[in-house]
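Undergrad: Those sequence lines, one after another, are chains C and P.
Counting along the first sequence from 1, when you hit position 68 you're at 68 in the numbering used here, and nothing is skipped either side.
Add 1000 to a position in the second sequence, counting from 1, and you land on the number used in the numbering used here.
By construction, the Cβ of each residue, glycine as well, lies at the ideal position given by its N, Cα and C atoms.
This is the structure, below, for whatever I ask next.
Number of protein chains: 2
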Amino acid sequence: MNFLEKKICEEGVILSPTVLKVDSFLNHQIDPLFMQQIGCEIANRYKTEKITKILTIESSGIAPAVFAGLELDVPVVFARKKKSLTLTDGLLTSKVYSFTKQVENEISAASKFLQAGERVLIIDDFLAHGEAALGLAELVNKAGAHICGFGIVIEKSFQDGRQKLIDKGYRVESIARISEMSPEGITFLKSEVLSS
Amino acid sequence: MNFLEKKICEEGVILSPTVLKVDSFLNHQIDPLFMQQIGCEIANRYKTEKITKILTIESSGIAPAVFAGLELDVPVVFARKKKSLTLTDGLLTSKVYSFTKQVENEISAASKFLQAGERVLIIDDFLAHGEAALGLAELVNKAGAHICGFGIVIEKSFQDGRQKLIDKGYRVESIARISEMSPEGITFLKSEVLSS
């Protein structure tokens, strides 16, 4: 098991066969040293890709993204789930359906921070049905920038998000890939970690 | 001028005498190296305080908080502005009025991550009227934990948030303290930066 798989087994709570709660280090409480390790691992996988910007989405993507950004020495933009009163001009937007919350949200990023010609790494905490990932990809495509790939902390490989991204020709790197969750435990697909 | 005051003068946009937009490095796009500098500065000011936990609020507080957390080697908890479906049990809550958005939000944190006996440093991006800061303080007080103080990135010293916190006996450390904003420029109160 890699360092993240070990942490998921130790601290993750399986709420159902499809819902995993990892609020002790990722989604509510953040373990900074551990997030730095995650960020560096994602950065290492894309270090030859000449990334110029990282795009993530509030809130749980921010911590792994800033550590990857520090390692790659590039700025991080976090897409917003709600419109801001002080951010009204020049917005890129896309619609994202949340299976967890069963609502459609509009996500947005300012076009001045995501421009044509940029080489973008998209980072998020989870990949499940791929809705958030595809929404973030749409923002990058609308900007005319290039998507170098996705850096995902935890992938639910038993859902179809990864395949949707692969079908569009995107590279997907996930630090932990869960093939099954049950009261008996969690099964992972092989995922080689380079940096630890 | 310290490193943050310089950055605010270079990149901040004054939208009105009370509204400053710093979305190029703090509120939408994040400059990771700069945020690390901010986080370390806040951490240094509290390094003798035996902090055991950092509390912030999504989303813009997360980046400075994780870097301060890394420096102090403590976990970071980010309070949520919306209730999560997978976080329903054991919630500490308080109400926060947003002058910018003119709505009252309930903010929350899981009680298991904020416990009696902890020594908490509260970090946020802005201090204006102090509503968010007082809401975060209420979460810590409800948990029976101790508030060691506040670490603020940008303080609008012409508003009354700082005084409200001081009146309650809290220590407030702000990296930049703005006394006035006008089309002619920004005036800062003296704020000594130790770490740079």
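Exposed or buried, C:C9, counting other C-beta atoms within 10 Å across all chains shown (16 or more means buried)?
TA: Under this definition C:C9 is an exposed residue.
Undergrad: Along the chain, where does the beta strand (DSSP E) containing C:N105 start, and where does it finish?
TA: Element bounds for C:N105: V103 to A110.
Undergrad: Which residues in the same chain have their Cβ closer than 7 Å to the Cβ of C:S16, if we skip the five residues on either side of it in sequence?
TA: Once the five neighbours on either side are set aside, C:S16 has no close Cβ partner at all.
Undergrad: Is any beta-carbon of chain P found at less than 8 Å from that of C:S111?
TA: It does not; no Cβ of chain P falls within 8 Å.
Undergrad: Closest to P:I1042 by CA distance: which of P:V1066, P:L1020, P:S1059 and P:I1057 is it?
TA: Minimum Cα distance to P:I1042 is reached at P:V1066.
Undergrad: Comparing C-alpha positions only, which one of P:I1178, P:A1137, P:R1177 and P:I1175 sits nearest to P:I1057?
TA: The shortest Cα separation from P:I1057 among P:I1178, P:A1137, P:R1177 and P:I1175 belongs to P:A1137.
Undergrad: Determine the direct distance from the alpha carbon of P:I1123 to that of P:G1012, and round the result to whole angstroms.
TA: If I take the Cα positions, the gap works out to 21 Å.
Undergrad: For C:Q29, list the residues DSSP reports as bridge partners.
TA: Bridge partners of C:Q29: P:V1077.
Undergrad: Quick one: measure Cβ to Cβ for P:N1044 and P:D1125, integer angstroms, because I've assumed they're closer than 8 Å.
TA: The Cβ separation is near 18 Å, so there is no contact.
Undergrad: Between the C-alpha atoms of C:A176 and C:Q159, what's the straight-line distance to the nearest angstrom?
TA: Whole-angstrom Cα-Cα distance: 14 Å.
Undergrad: Whole angstroms is fine: what's the gap from C:A68's alpha carbon to C:P183's?
TA: Cα-Cα distance, rounded: 33 Å.
Undergrad: Quick one: which chain P residues come within Cβ less than 7 Å of C:L139?
TA: Here the premise fails: no neighbours, minimum Cβ distance about 13 Å.
Undergrad: Could one say the Cβ of C:L70 lies closer than 8 Å to chain P's Cβ atoms, at least one of them?
TA: Judged by the 8 Å Cβ criterion, C:L70 is in contact with chain P.
Undergrad: Would you list, in sequence order, the uninterrupted beta strand (DSSP E) runs of no fewer than 3 residues that lie entirely inside the stretch 111-140 of chain C?
TA: For the stretch 111-140 of chain C, whole beta strand (DSSP E) runs of length 3 or above, ordered along the chain, are 119-127.
Undergrad: Under a three-way DSSP split, which group does P:V1153 fall into?
TA: In this structure, P:V1153 counts as strand in the three-state DSSP scheme.
Undergrad: Quick one: grab the DSSP three-state call for P:M1181.
TA: P:M1181 falls in the strand class under three-state DSSP.
Undergrad: Please say whether P:L1121 and P:I1054 have beta carbons closer to each other than 8 Å?
TA: Cβ distance < 8 Å, so P:I1054 and P:L1121 count as in contact.
Undergrad: Considering only their Cβ atoms, is the gap separating P:I1178 from P:K1142 smaller than 8 Å?
TA: Taking 8 Å as the Cβ cut-off, P:K1142 and P:I1178 do not qualify as a contacting pair.
Undergrad: Just to make sure I have the definition right: I need the residues of chain P whose C-beta is within less than 8 Å of the C-beta of C:D124. Which are they?
TA: Under the 8 Å cutoff, chain P gives no residues; its nearest Cβ is about 14 Å from C:D124.
Undergrad: Quick one: which chain P residues come within Cβ less than 8 Å of C:Q163?
TA: Chain P residues near C:Q163: none, gap ~24 Å exceeds 8 Å.
Undergrad: Quick check on DSSP: helix, strand or coil for P:I985?
TA: This structure cannot speak to residue 985 of chain P, because chain P is shown only from 1001 to 1196.
Undergrad: Would you call P:E1104 buried or exposed, if buried means 16 or more other Cβ atoms sit within 10 Å of its Cβ?
TA: With fewer than 16 Cβ atoms within 10 Å of its Cβ, P:E1104 is classed as exposed.
Undergrad: Name the residues in the stretch 26-39 of chain C whose C-beta lies less than 7 Å from a C-beta of chain P; which are they?
TA: Going along the stretch 26-39 of chain C in chain order, one finds H28, Q29, I30, D31, P32, L33, M35 and Q36 with a Cβ nearer than 7 Å to chain P.
Undergrad: Going by C-alpha to C-alpha distance, which of P:M1035, P:V1074 and P:K1006 sits closest to C:L33?
TA: Out of P:M1035, P:V1074 and P:K1006, P:V1074 has the C-alpha closest to the C-alpha of C:L33.
Undergrad: Looking only at its chain, what residues have a beta carbon closer than 6 Å to the beta carbon of C:H146, apart from the 5 residues adjacent to it on each side?
TA: Closer than 6 Å at Cβ, skipping near neighbours: R119.
Undergrad: Per DSSP, what are the beta-bridge partners of C:S98 in this structure?
TA: Beta-bridge pairing links C:S98 to C:V103.
Undergrad: Could you tell me the alpha carbon to alpha carbon distance between C:T93 and P:K1047, rounded to whole angstroms?
TA: Rounded to whole angstroms, C:T93 to P:K1047 spans 42 Å at the Cα level.
Undergrad: Give the interface partners of C:I62 over in chain P, defined as CB-CB distance under 7 Å, in chain order.
TA: Going along chain P in sequence order, the residues near C:I62 (Cβ under 7 Å) are S1059, I1062 and A1063.
Undergrad: Determine, using beta carbons only, whether P:P1075 comes closer than 8 Å to chain C.
TA: At least one chain C Cβ lies under 8 Å of P:P1075.
Undergrad: Please decide whether C:V66 counts as near chain P, where near means a Cβ-Cβ distance under 8 Å.
TA: Closer than 8 Å: yes.
Undergrad: Find out if the Cβ-Cβ distance for the pair P:Q1029, C:V153 is shorter than 8 Å.
TA: Against a cut-off of 8 Å, the Cβ pair of C:V153 and P:Q1029 comes out as no contact.
Undergrad: Determine the direct distance from the alpha carbon of P:M1181 to that of C:P64, and round the result to whole angstroms.
TA: Roughly 34 Å separates the two Cα atoms.
Undergrad: Counting contacts by CB-CB distance shorter than 8 Å, is C:F78 in contact with chain P?
TA: Yes, its Cβ sits closer than 8 Å to a Cβ of chain P.
Undergrad: Straight-line CA distance for C:V96 to P:E1106?
TA: Each residue's Cα considered, the two are about 24 Å apart.
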